[in-house]
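If you number the sequence shown the way full-length UniProt numbering does, the last residue is 98 and the count never jumps. Just so it is clear, CB atoms sit at the ideal spot from N, CA and C, and this is done for glycine as well. The structure displayed is predicted, hence computed values, not measured ones. Below: the structure, in structure tokens.
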Amino acid sequence: MALSPSQRRYLRSLAHDLHPVILLGAKGATEAVLKELDLALAHHELVKVKLSGGDKEERDAQISFLADGTRAESVQQIGHIVVLFRRNEEDPKLALPR
């Protein structure tokens, strides 16, 4: 599901006040983290993740691993923080603008 620019803007505004739900440690993105992120996305739909240290390529690899593994859409990345969104098809919590 591709998000439109207005939907991204709306989700960024909602994510502004959120605190990171998932914190990646020294091991980075693992299967266990992927399972926890999947549960968090199913419950919240919009989740902030704090990435582990490293260079930009390593952070980009972590983001793509997490987004692809959970079928989520990356809304925003600032430094070591990324915001991910996945619509809960059974019980949507956020109403997206067109």
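Residue i burial status per 10 Å Cβ neighbour count (16 or more: buried)
{"i": "Glu45", "result": "buried"}
{"i": "Lys26", "result": "Residue 26 is actually Ala in this sequence, not Lys. When all chains shown are included, Ala26 counts as exposed."}
{"i": "Ile22", "result": "buried"}
{"i": "Arg9", "result": "exposed"}
{"i": "Arg98", "result": "exposed"}
{"i": "Arg71", "result": "exposed"}
{"i": "Leu24", "result": "buried"}
{"i": "Leu18", "result": "exposed"}
Option in the options with minimal Cα separation from residue i
{"i": "His16", "options": "Lys35, Glu36 and Val49", "result": "Val49"}
{"i": "Glu31", "options": "His19, Leu14 and Gly69", "result": "Gly69"}
{"i": "Ile78", "options": "Pro20, Ala2 and Leu96", "result": "Pro20"}
Whole-Å CB distance - residue i paired with residue j, under 8 Å assumed
{"i": "Glu73", "j": "Phe85", "result": "5 Å"}
{"i": "Val47", "j": "Leu41", "result": "6 Å"}
{"i": "Gln62", "j": "Ala29", "result": "4 Å"}
{"i": "Val83", "j": "Leu11", "result": "7 Å"}
Contiguous alpha helix (DSSP H) assignments of at least 4 residues, all confined to the UniProt domain "CRM" (1-97): 5-15, 31-44 and 56-70
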